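Single-structure report; data block below.
There are 2 protein chains.
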Amino acid sequence: MNKPMPVIESCSTCPIRHRAVCAKCEDDELEQLNDIKFYKTYSAGQTIAMRGDALDVVASVVSGTATLERAIEDGRTQLVGLLLPSDFIGRPGRDTLQYDVTAVTDVTLCCFYRKPFESLLKTIPHVQERMLEMALDELDAARDWMLLLGRKTAREKIASFLMLIAKRTVHPDGSVLGDTSRIELPISREAMANYLGLTIETVSRQFTGLRKDGVIGLDGNRTVLIPDLETLLLESGDDSDGGVLF
Amino acid sequence: MNKPMPVIESCSTCPIRHRAVCAKCEDDELEQLNDIKFYKTYSAGQTIAMRGDALDVVASVVSGTATLERAIEDGRTQLVGLLLPSDFIGRPGRDTLQYDVTAVTDVTLCCFYRKPFESLLKTIPHVQERMLEMALDELDAARDWMLLLGRKTAREKIASFLMLIAKRTVHPDGSVLGDTSRIELPISREAMANYLGLTIETVSRQFTGLRKDGVIGLDGNRTVLIPDLETLLLESGDDSDGGVLF
DNA sequence: GCTGCGCTTTGACACAGATCAACGGAGGGT
DNA sequence: ACCCTCCGTTGATCTGTGTCAAAGCGCAGC
Chain A
-9 MNKPMPVIES CSTCPIRHRA VCAKCEDDEL EQLNDIKFYK TYSAGQTIAM RGDALDVVAS
51 VVSGTATLER AIEDGRTQLV GLLLPSDFIG RPGRDTLQYD VTAVTDVTLC CFYRKPFESL
111 LKTIPHVQER MLEMALDELD AARDWMLLLG RKTAREKIAS FLMLIAKRTV HPDGSVLGDT
171 SRIELPISRE AMANYLGLTI ETVSRQFTGL RKDGVIGLDG NRTVLIPDLE TLLLESGDDS
231 DGGVLF
Chain B
-9 MNKPMPVIES CSTCPIRHRA VCAKCEDDEL EQLNDIKFYK TYSAGQTIAM RGDALDVVAS
51 VVSGTATLER AIEDGRTQLV GLLLPSDFIG RPGRDTLQYD VTAVTDVTLC CFYRKPFESL
111 LKTIPHVQER MLEMALDELD AARDWMLLLG RKTAREKIAS FLMLIAKRTV HPDGSVLGDT
171 SRIELPISRE AMANYLGLTI ETVSRQFTGL RKDGVIGLDG NRTVLIPDLE TLLLESGDDS
231 DGGVLF
């Protein structure tokens, strides 16, 4: 179903070396992280952790996609985060997990036991620095998402989501935005619905609508063709964005 | 309209000394912050800063309430944060502001120029530590809010909002949760609507509904009586919460 | 005490998206 | 090749919330 998981020898060859919590580390600091890290893999669909679990381990996503989910009694659920490679799971200074974490594709995590990691935070300022940066970035992303959930129409929500994926898609040649004309959706219709505060039926209808209007093309369920990124951006509702993409 | 602003002599007598970014500072560290801080006040309704503004100054809210807002072209706006005393405005490492910041009551800010503040971050680990803690807390709050915006009904949204205010209300006697039977809403119906992803008409109708059902009482527009916090919690949709209130 | 303005409430109606239900199509197991 | 299951699509209808409109209420200024 998937390509075999790449074997990672050491931090220096790690694919997320320059984007994860370790991004700012010097070689000697990296060494310290290297000493206490360990890898764990999960297969698609598997639960990584559940709300209320003891938070003994924190981790970075090395490859694959996972979701962060919040649920209420009657079955309603809201996806509150999409964890792509380099994203961080868990938080120092808290001992139970607040969300359900699920692997949606096969996932490899670079894990640390929380306690030693917390000690390292104090001795390696570059890790804490990077953690703060990442937390603030996620906070901004969460706030943009609040605008989407509170005020955007279904069509705008779908368009915004596609823009998000397009922006985070790394292409085979390594470029990030070069050819965004073809993107792979990392999650199912159901997960998308949960992310966007919609039902799967509405998601499906909006996809059909955007296709009929020529904004996107569909090639199977998971592949979306974007003939013109500008048009899609317009549909997303946040044009005149100040234009800052990253 | 308001009580006169309290004059703050030094950090040691500051009302937010133990909750703001400086919470973990030792006396000598506090001294350093003290040296570069300055106060600024805004009156109710005034714009503190706008999206796109250069972010030369970062600040903590000392007293009053401000809002963090995101807008799209056609006038739709979404409140993405409620800034109460001890909350932080601005972020190190970014040079333009992402949101509109508005004072909803008279507000006093404890300000720092961003550049020197960033330098201090590197030399005073306790500030960075606290910033990280606060950023992660806000991230959790933002995610809970995403659940609210994406999945809750109008009535649940209002109930959740009232719970939020009840929890953060500090009573005259200094207790936090003691007598929550009477709370003051810090913001107008319009701001509430923008916070909850509703219209003011719906907000109004839900207030009326909750009153008719005896869940709350109203005393004027800004004062809400809560006969039974349990009942309100039930209406908010996140009972079986794990019960952790703080 | 009146007048006018802003905020809130209430009412009538419209509509986007939810809900309920049926169908289609791809992939895997036998 | 067949069936079965899972996922996505499409259709018909319902409903919660938005929209448009008007009326109530409190408060500042004259």
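Just so you know, the protein sequences line up as chains A and B, in that order.
The first sequence runs -9 to 236 under our numbering.
The second sequence runs -9 to 236 under our numbering.
Cβ atoms here follow ideal geometry from the backbone N, Cα and C, with glycine treated the same way.
Here the structure is a predicted model, which means the values were calculated and not measured.
When Cβ-Cβ separations below 8 Å define contact, A/ASP85 makes no contact with chain B. Taking the Cα of A/MET40 as reference, the smallest distance to any Cα among A/THR86, A/LYS157, A/GLY227 and A/GLU119 is reached at A/THR86. A check of alpha carbon separations from A/VAL51 across A/THR57, A/GLY35 and A/SER76 identifies A/SER76 as the nearest. For B/GLU220, the closest C-alpha among the options B/SER171, B/THR143 and B/THR192 is that of B/SER171. For A/ASP130, at least one C-beta of chain B is nearer than 8 Å to its own C-beta. Looking at the DSSP output, A/GLY42 bridges to nothing. Judged by pairs of C-beta atoms under 8 Å, the segment 102 to 119 of chain B touches the segment 21 to 39 of chain B, as three or more such pairs exist. In its chain, beyond the 5 residues on either side, ALA149, LEU152, MET153, ALA156, VAL205, ILE206 and ILE216 have a beta carbon closer than 8 Å to the beta carbon of B/LEU222.
The distance from the Cβ of A/ARG66 to that of B/ARG133 is about 15 Å, inconsistent with a contact at the 8 Å cut-off.
The shortest CA-to-CA distance from B/GLU19 to any of B/VAL117, B/ASP209, B/ARG145 and B/ARG195 is the one to B/VAL117. For A/ASP228, the residues of chain B that pass the 8 Å Cβ criterion are ILE62, in the order they occur in the chain. When DSSP assignments are scanned along the segment 61 to 145 of chain B, the uninterrupted stretches of beta strand (DSSP E) that are 3 or more residues long and fall wholly within it turn out to be 67 to 73, 90 to 93 and 97 to 103.
Counted as a single uninterrupted DSSP element, the stretch harbouring B/ARG9 is not any beta strand (DSSP E), since DSSP gives it neither H nor E. Within 7 Å of the CB of B/GLN88, the CB atoms of chain A belong to ASP130, in sequence order along the chain.
A Cβ of chain B is located within less than 8 Å of the beta carbon of A/GLU123.
Contact between the segment 86 to 96 of chain A and the segment 6 to 17 of chain A is not established, with fewer than three Cβ pairs separated by less than 8 Å. Just measuring C-alpha positions, the residue of A/THR92, A/ILE62, A/ARG195 and A/LYS142 sitting nearest A/ILE38 is A/THR92. B/VAL47 carries a strand assignment under DSSP once its states are collapsed to helix, strand and coil.
Between A/MET121 and B/MET136 a beta carbon distance of about 21 Å is seen, past the 8 Å cut, so the two are scored as non-contacting.
Within chain A, the C-beta atoms nearer than 8 Å to that of B/LEU139 come from MET136, LEU139, GLY140 and GLY187, in chain order. For B/LEU126, the chain A residues whose C-beta falls within less than 7 Å of its own C-beta are ARG81 and ALA125, listed in chain order.
Taking all protein chains shown into account, A/THR113 has fewer than 16 neighbouring C-beta atoms within 10 Å of its C-beta and is therefore exposed. Listed in chain order, the non-local C-beta contacts of A/THR98 below 7 Å within the same chain comprise MET(-5), TYR29, THR31, VAL52, SER53 and GLY54, local neighbours out to five positions each way being set aside. Less than 8 Å divides the Cβ of B/GLU146 from the Cβ of B/SER226. At a C-beta separation below 9 Å, B/GLN196 has no neighbours in chain A, since its nearest C-beta there lies roughly 16 Å away.
The Cβ atoms of A/LEU74 and A/ARG158 sit closer than 8 Å to each other. When Cβ-Cβ separations below 8 Å define contact, B/GLY65 makes no contact with chain A. Judged by DSSP in its simplified three-state form, B/LYS147 adopts helix. The residues ALA144 and ALA183, in chain order, have a CB closer than 8 Å to that of B/THR192 in the same chain once the five nearest residues on each side in sequence are set aside.
Cα atoms of A/THR198 and A/ASN211: separation of roughly 11 Å, rounded to the nearest angstrom. Residues of chain B whose Cβ lies closer than 8 Å to the Cβ of A/PRO115 are, in chain order, LYS112, PRO115 and GLN118.
Residue pairing by DSSP places B/GLY207 opposite B/LEU215 in a beta bridge.
Non-local beta-carbon contacts of B/ALA181 in its own chain, meaning distances under 8 Å to residues more than five positions away in sequence, involve THR57, LEU69 and VAL94 in chain order. In the DSSP assignment, A/LYS30 forms a beta bridge with A/LEU99. Only buried fits A/LYS142, as 16 or more other CB atoms lie within 10 angstroms of its CB.
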